Amino acid sequence: RIQREESELTACRERKRQLVYQISSSTESLEELPPYVKGDLAKKTEAIDNAKTSNHYIKKAKKDLANALEQLALAPEGILQDEKLEAAVKRATEGAAVTTEASFKAGNEVDASRARKRKLAKALRDGTCSACGQSISSPEQIETHERELAREEELYTQLEMELNKAEVADRAAATTLQACKAALKMEFCDWGWKSADWTTQKADCENYLTSGAELVSDEDLEAMQLELTQIAEAKGKRVALEEIIEISAKKAASAHELEEELMDEIAQLKEDCPTAVPEELMTEWRESVKQLHEDRHNATEHISKCGLQIVSLTNEVNDLKSALEKEIEFKESNSELKLLKELVTYLKDSRIKFLATVWNNILGSASGFLSQATDKQITALSRSDKDGFMFCEEGVYAPVSAASGAQRGFIGVSIRLALAQSLRSSCDLVVLDEPTESMSEENALRLSGTLLSQGQIITITHRLSDSYTASNIIQL
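Take the position in the sequence shown, starting the count at 1, then add 155; the result is the number in my numbering.
Pasting the structure below:
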């Protein structure tokens, strides 16, 4: 015990010496650091933040000023474009009003001619003049009325043709007006208001740039940042050295107290230590040491055996784990195979029902378009395995093969549009080749007007009226 206490005393004195040296070296390093003022770090940080903020606003003002000048340079052309769009709408509105009035006037003339024709026909049929009420009996009177009726019928035919032309022109003018309004809605940019806004923005930027704000150079910012970093590092080193000195001083004081305690304990042990050890006690100690060596040898052998058993058990566990993983994988494969078989069976059983549902959806969409395009003359499309494709006209179903050329044109376009809507994820546009080839002018205009609400469509046609509803026309 005396030897152990003396060894511990020597180690304690060495620790005390090292702590004293650490305190001395830390104090010297602390004295070498520049003096630190508490407010320096905050002031430098605030100055750098203010400089960065000022630079940001100056650069933003310059960028906004350049953008405003650029937009103001484009403003005259934009204002002219807006005026052109508004003028086009105004001209289209006036043109539509003129064609509407002409169509109305032509309709009145046709009605008046029809009334005159009916009166002449009634006079010939009844044998009484509709103007004077006298009897028409002589061949000359009958011939005169027949000539008047023939002239009136010829005039009625001419007026009816003029009415048709006026109605076509009226629809074309309405389509043109609609296209002009759509162009105004899409392309009108209100350059007048934007020009005033950019003028205000230009004035604000110029006022800010001339208000005395100066741009801090990157070199000055780097110098300020370097100085801030040096101040922060000096502060961190000072705090760390002060903590080291404080902790070392506490440890040195504890080591000094321990040194005094050990010295007192060693002195007391030297007083109490016997001069000689009895032989019986020495023999007992030797036997105890021998027994401890034997126990240590037995424990070592037991540990080796346990290690071998652990290795064997680990190998068995790994084998069982591998077998379990294979079993789980086999069961998952069987489960997946069973699911696939069930899916195949389900698809085989529901194929006819699925195809019927798909065709019902496509034909339902096509029926809606067809009803709108033909003004409800053809109201529905259907399909069956027995009869094929059928269409319903005025409540009567007939095969598509028996349809007229115009009806087939309407049906073909409606089917194509329905397929395009069903494949909307992969169909960005629909291409129609001569969709109004076998139609009259009225049916062609009705189909073209209905196509306006069907998304992006490219039409290849030789008919001039098909271009009335187009937003872009390419002539070849």
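Glycine residues also receive a C-beta, built at the ideal position from the N, C-alpha and C atoms. In this text the structure is predicted, and so the values were computed from the model without any measurement.
Taking the CB atoms as reference points, tell me whether residue i and residue j lie closer together than 7 Å.
| i | j | result |
| --- | --- | --- |
| Y623 | A327 | yes |
| L602 | A521 | no |
| L314 | E249 | no |
| K260 | Y311 | no |
| R545 | S537 | Residue 545 is actually Met in this sequence, not Arg. Closer than 7 Å, so yes. |
| G567 | S593 | no |
| A634 | T254 | With the chain covering 156 to 631 only, the question about residue 634 has no answer from this structure. |
| E307 | L275 | yes |
| L332 | A230 | no |
| I157 | L424 | yes |
| A243 | C360 | no |
| F524 | S569 | yes |
| A407 | V175 | yes |
| E160 | E415 | no |
| I223 | Y363 | In the sequence under discussion, the amino acid at residue 223 is Ala, which differs from the Ile named in the question. Their beta carbons are not under 7 Å apart, which means A223 does not touch Y363 by this criterion. |
| D621 | T591 | yes |
| L339 | L498 | no |
| A410 | C167 | yes |
| A558 | C547 | no |
From the options, pick the residue whose C-alpha is nearest to that of residue i; which is it?
| i | options | result |
| --- | --- | --- |
| D352 | Q173, D588, L220 | L220 |
| V513 | E169, Q576, N210 | Q576 |
| S181 | L396, Y363, K198, V265 | L396 |
| S526 | Q562, P554, K508 | Q562 |
| V371 | V499, K481, I213 | I213 |
| A573 | N516, K239, A625, H452 | N516 |
| A387 | E183, T591, T200, L584 | T200 |
| G550 | I533, S539, D542, Q446 | I533 |
| I615 | K486, A625, P554 | A625 |
| N205 | L376, L584, L502, R618 | L376 |
| K531 | F565, E456, L510 | F565 |
| L318 | L607, E597, I629 | E597 |
| K508 | D540, D588, E426, E256 | D540 |
| K320 | G262, K340, T299, E303 | G262 |
| E187 | K357, E374, K277, K390 | K390 |
| S293 | R441, D474, G282 | G282 |
| K277 | D266, H300, E295, E256 | H300 |
| K171 | A270, I402, N210 | I402 |
Kindly give me the distance between the Cβ atoms of residue i and residue j, rounded to whole angstroms, as I take these residues to be in contact under 8 Å.
| i | j | result |
| --- | --- | --- |
| E322 | S268 | Incorrect: roughly 16 Å between the Cβ atoms, too far for contact. |
| L417 | E163 | 6 Å |
| T365 | L227 | The Cβ separation is near 19 Å, so there is no contact. |
| I399 | Q177 | 7 Å |
| I612 | V585 | 5 Å |
| R571 | A599 | With 8 Å as the limit, R571 and A599 do not qualify as a contact, their Cβ atoms being about 17 Å apart. |
| I234 | M379 | Contact flag wrong, Cβ pair sits at about 48 Å. |
| L185 | R451 | Rounded, the Cβ-Cβ distance is 53 Å, inconsistent with contact. |
Could you give the residue range of the alpha helix (DSSP H) that holds residue i?
| i | result |
| --- | --- |
| D588 | Looking at the DSSP string, D588 is not in any alpha helix (DSSP H); the run it does join, the beta strand (DSSP E), is 585 to 588. |
| S490 | 434 to 528 |
| I157 | 157 to 187 |
| S603 | 596 to 605 |
| G560 | 560 to 577 |
In the DSSP assignment, find the beta strand (DSSP E) that holds residue i and state where it starts and stops.
| i | result |
| --- | --- |
| E548 | 543 to 548 |
| R618 | Counting along the chain, R618 falls outside any beta strand (DSSP E), and DSSP gives it neither H nor E. |
| L370 | Segment: none, L370 is in no beta strand (DSSP E) and carries neither H nor E. |
| S539 | 533 to 539 |
| A553 | 551 to 554 |
Does the ligand ADP have even one heavy atom less than 6 Å from the beta-carbon of residue i?
| i | result |
| --- | --- |
| P590 | Questions concerning the ligand ADP fall outside what the structure shown contains, since it holds no ligand whatsoever. |
Using a Cβ-Cβ distance cut-off of 7 Å, determine whether residue i contacts chain B.
| i | result |
| --- | --- |
| R306 | The displayed structure is made up of one protein chain only, and chain B is not part of it. |
Whole runs of the alpha helix (DSSP H) within the region 280 to 329, excluding any shorter than 4 residues: none
Completely contained alpha helix (DSSP H) runs for the region 347 to 428, where each covers 4 or more residues: 373 to 427
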